[in-house]
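One structure is given here, and the rest of the page talks about it.
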Amino acid sequence: MGCGTSLHLVTSPNQRLPRRSIDGSYRIGKIVGRGTFSVCLQAEALKGGMVVVKKLARSNVNFNYNNILKEVRIMKKLSHPGLIRLQDYFEDQEAVYLVQELANGGDLFDRVVEGGAIPEPASVFICRQILYALGYLHENNVCHRDLKPENILFLSSLPGAPGYDIVKITDFGLSTDKAVGYTDTMSTVCGTPDYTAPELLAAAGTSMEGRMLYSCKVDIWSVGAILYMMLGGKAPFKFTDSNTTVVLQKILTGEYSFPDKYWENVSDNAIISVRAMMQVDPRMRPTASECLELDWFEEDEERRMQSLGLHAETTSRKTVPDPHARFVLANSLHKPPK
Numbered sequence: 002m003g004c005g006t007s008l009h010l011v012t013s014p015n016q017r018l019p020r021r022s023i024d025g026s027y028r029i030g031k032i033v034g035r036g037t038f039s040v041c042l043q044a045e046a047l048k049g050g051m052v053v054v055k056k057l058a059r060s061n062v063n064f065n066y067n068n069i070l071k072e073v074r075i076m077k078k079l080s081h082p083g084l085i086r087l088q089d090y091f092e093d094q095e096a097v098y099l100v101q102e103l104a105n106g107g108d109l110f111d112r113v114v115e116g117g118a119i120p121e122p123a124s125v126f127i128c129r130q131i132l133y134a135l136g137y138l139h140e141n142n143v144c145h146r147d148l149k150p151e152n153i154l155f156l157s158s159l160p161g162a163p164g165y166d167i168v169k170i171t172d173f174g175l176s177t178d179k180a181v182g183y184t185d186t187m188s189t190v191c192g193t194p195d196y197t198a199p200e201l202l203a204a205a206g207t208s209m210e211g212r213m214l215y216s217c218k219v220d221i222w223s224v225g226a227i228l229y230m231m232l233g234g235k236a237p238f239k240f241t242d243s244n245t246t247v248v249l250q251k252i253l254t255g256e257y258s259f260p261d262k263y264w265e266n267v268s269d270n271a272i273i274s275v276r277a278m279m280q281v282d283p284r285m286r287p288t289a290s291e292c293l294e295l296d297w298f299e300e301d302e303e304r305r306m307q308s309l310g311l312h313a314e315t316t317s318r319k320t321v322p323d324p325h326a327r328f329v330l331a332n333s334l335h336k337p338p339k
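Structure below.
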């Protein structure tokens, strides 16, 4: 629910949220997620409809008002079917409350942990949605910087339901809207290490003066690591208290593998896609739109168009200028082909 543990980030917007009581608009329910910075609660609008309320308590040692203002600013200007919407926000003496769209199908991490690796047809369908949403973010100079399975939410947890394989990206607490696409302009160290790109982790060991700059390509690495987990059932890297140095070095050098035990039934093109996104040199990593041109995605799109009675070439990027139209078209199937 976007309440995961992440590193700290500081910004300095010059605004404040309106002081309003959330009790006058929403009936707060059970806790559905908990993290370092916040608690997520299910809530019902008094006018009708269910939402999620992200509560950021002032008593939390990690509370940072400027960070929250930045998160609100970013979410207010975003509008894409693959992103969780910010619907409202409140502030009182106890906390700040961000009212968000409800996606009650659980997160990608829990789905893999509970059900194991996700079959290729579903994995490519899910990854395609993530990349379309990510492309929209990058086109609008927003870098998420904390993409991980816990921040990919499903609309439904019921197999066969329309939203079972429909996902939305959440948690913009570490995002920035000061990116410049795929140009290296950022230097802030943040994110969840297991899914963080090498160039971002490398910046953690240097001074501000000598810090390596990075671009939105850090999000592409994270998508590759997420795809690795979907297809293989396990994350490519896992930090523990005793192996931090070893795992850090593996990420910095791109040392990961595809053991037959987990990958023998995964296609070569799927593995090539993972490798493309998880190249150590960010200059060699494809952009979000270039990822969608990899053979694995193109082959899936051909199958999907055929199932709709269409030909892929008639709905190519050349004839459909708005990539969101393609996203909606894919979602119209509700679930991936078997």
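Those letters in the sequence shown? Residues 2 to 339, per our numbering, in order.
Every residue, glycine too, gets a C-beta built ideally from N, C-alpha and C.
query	result
C-beta atoms of Thr177 and Thr189 nearer than 9 Å	yes
Val224 vs Cys128 beta-carbon contact at 9 Å	yes
For Val33, the nearest candidate out of Leu42, Leu159, Ser26 and Arg112 (CA to CA)	Leu42
Those runs of the beta strand (DSSP E) which lie wholly inside the segment 143-231 and span at least 3 residues	153-155 and 168-170
Distance between Thr186 and Ile227 (C-alpha atoms, nearest Å)	24 Å
Nearest to Ala1 (by Cα), restricted to the options Leu232, Ala289 and Gly255	This structure cannot settle anything about residue 1, because the visible part of the chain is limited to 2 through 339.
Neighbourhood of Ile1 by C-beta distance below 6 Å, restricted to the same chain and skipping five residues each side	With the chain covering only 2 through 339, there is no way to say anything about residue 1.
Asp93 in three-state terms, based on DSSP	coil
Among Glu140, Ser39 and Leu201, nearest to Asp147 - alpha-carbon criterion	Leu201
Cβ neighbours of Thr315 in the same chain (closer than 7 Å, five flanking residues each side left out)	Residue placement at Thr315 is flagged as unreliable, the pLDDT there being 46, under the threshold of 50; the coordinate-derived value follows with that caveat. Closer than 7 Å at the Cβ level, and outside the excluded window around Thr315, lies no residue.
Proximity below 9 Å, CB of Leu87 to CB of Tyr137	no
Nearest to Val275 (by Cα), restricted to the options Phe240, Val248 and Ala236	Ala236
Gln130, DSSP secondary structure in three states	helix
Endpoints, beta strand (DSSP E) assigned at Gly34	Tyr27 to Arg35
Spatial distance of Gly161 from Pro120 (CA atoms)	15 Å
Distance between Met285 and Asp111 (C-alpha atoms, nearest Å)	31 Å
Residue nearest to Tyr90 in terms of C-alpha spacing, selected from Arg74, Pro82, Arg35 and Thr184	Arg74
Environment of Asn266 [buried if 16+ CB atoms lie within 10 Å]	exposed
Residue nearest to Trp222 in terms of C-alpha spacing, selected from Asn244, Leu18 and Asp282	Asp282
DSSP state of Ala123 mapped onto helix, strand, coil	helix
Distance, Met278 Cα to Leu159 Cα	30 Å
Glu72 - containing alpha helix (DSSP H), residue span	Tyr66 to Lys77
Exposure of Lys77, with buried meaning 16 or more beta-carbon neighbours within 10 Å	exposed
Spatially closest choice to Phe155 from Arg35, Leu135, Gln130 and Pro287, by CA coordinates	Gln130
Extent of the continuous alpha helix (DSSP H) run through Gln250	Thr245 to Thr254
Per-residue DSSP class, three states only, for Leu84	strand
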